[in-house]
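These notes are about the structure you will find just below.
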Amino acid sequence: MHLGVSHLTEKLESQSEPALWAEVIEQTEYAELLGFESVWVTEHHFDFDYALLPNPLTALVKLGCHAKRMRLGCAVVVLPLWHPIRVAEEAALADIFTNGRIDLGLGSGYAQYEFDVFQESLDERREKFQEGLQIVTRALTEERFAHEGKYYRFPEVTVFPRPVQRPLPIWMTAVSPGTAALAGRLGHRIIVASTLGGLSQLKTLIDEYRRAYAEAGHDPAGLGVQLNRFVYVADSAAEARRDTEWATVRFQRRQARFFGASLGMTPDEVTYERFERENLTHGSPEECVENLRTVQRELGLTHLLCRFRTAGVEHRKVMRAMERFAAEVRPHLTPEPAGTPV
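So in this note's numbering, spot 208 of the sequence shown is number 1701, and the numbers just go up one at a time.
Set out below in structure tokens:
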């Protein structure tokens, strides 16, 4: 199972942006030293205490200057907020600058306030995403093409520069059975995240993806299921809770603004206990190993992204949790990609 790290780049009001990025860079450098295989960042706007990164590809080029071997992934670019030709151009350029290490994750977005500022329709985001995805894929793979669609129209064009990787890997967020099935039909890989819905919700999405992928006749070797999960290794579950409870609950209450209604939950109803049951890998090394073995068995992951950092957890403690994961948890996990879940 491929192991990477994920940064959402949220911060406390008291922390400066340069200080935030100094932490992210140091944690990325340490992750590479510890043997993690990739680092991933995501796009969000205007909300520093949820996430703050207007252009993940720019950030990945910077991180790639510090981490010389790790793969560098977007999880994700919010495609409806961009012109898809521009995304293809920037992804190709980032791939050149990083010597062919970019993984391009694309999603449709969900934050109303972001779409309002950019004067885009949240209601039309999925339809616009599908059209944009088609354009990005063609721009990265075809010599020349034109497009006449509902949202985008342009004459025949060749997009430069060309990426180092042919093809450049494309990932899609799967937040509904429909998007999971779309990714499967197209032969892309999927990214899912630990949410308030728990493992059962994720398993439904992943099963739909696998079904659509197989029915489309794609090469099984190209299938990819990546989970973005909160991870924190300490001496005990009690210590992990002391270190992370305030920060974890704070973040999840903000996330509940977007997803809580679909789960019948208000932000005030989010508690550490409620989130811990299925969405956290927090505890002693032994507890973390047992938890991740269960997750891997249930979901059949090929990739796990560990989100060690949450705003409000001390930087030195995050670094120590990363170190303990590498030394005391990783050796006990399945080294090869998991097969179909049971």
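Glycine included, each C-beta is placed from N, C-alpha and C at the ideal position.
8 angstroms contact criterion, which residue 1781 and residue 1724 should meet: CB distance rounded: 7 angstroms
For residue 1653, the three-state DSSP class (helix, strand or coil): coil
Backbone CA spacing between residue 1664 and residue 1633 [nearest angstrom]: 14 angstroms
Cut-off 8 angstroms between Cβ atoms - residues of its own chain near residue 1715, not counting five sequence neighbours on either side: 1680, 1682
Rounded C-alpha distance that separates residue 1648 from residue 1666: 30 angstroms
Counterpart residues of residue 1722 in DSSP-defined beta bridges: 1799
Inter-residue Cα distance where the pair is residue 1868 and residue 1722: This structure leaves residue 1868 out entirely; the chain is present only between 1494 and 1835.
Residue 1588, enclosing beta strand (DSSP E) - first and last residue: It is not in any beta strand (DSSP E) - residue 1588 instead sits in the alpha helix (DSSP H) that spans 1577-1590.
Terminal residues of the beta strand (DSSP E) in which residue 1639 lies: 1638-1641
Beta-carbon contacts of residue 1548 that lie in its chain and below 8 angstroms, excluding the five residues immediately before and after: 1536, 1583
4-residue-minimum alpha helix (DSSP H) runs that sit fully inside the region 1504-1544, ordered along the chain: 1510-1526
Alpha-carbon spacing of residue 1580 relative to residue 1652, whole angstroms: 11 angstroms
Contact under 8 angstroms by Cβ, residue 1733 with residue 1655: no
Residues that residue 1564 bridges to, as DSSP identifies them: 1531
Short Cβ contact (8 angstroms threshold) for residue 1598 with residue 1629: no
Residue 1678, enclosing beta strand (DSSP E) - first and last residue: Premise fails: residue 1678 lies in the alpha helix (DSSP H), 1670-1679, not in any beta strand (DSSP E).
Where residue 1785 falls: helix, strand or coil (DSSP): helix
Exposed unless 16 or more other CB atoms sit within 10 angstroms - verdict on residue 1775: buried
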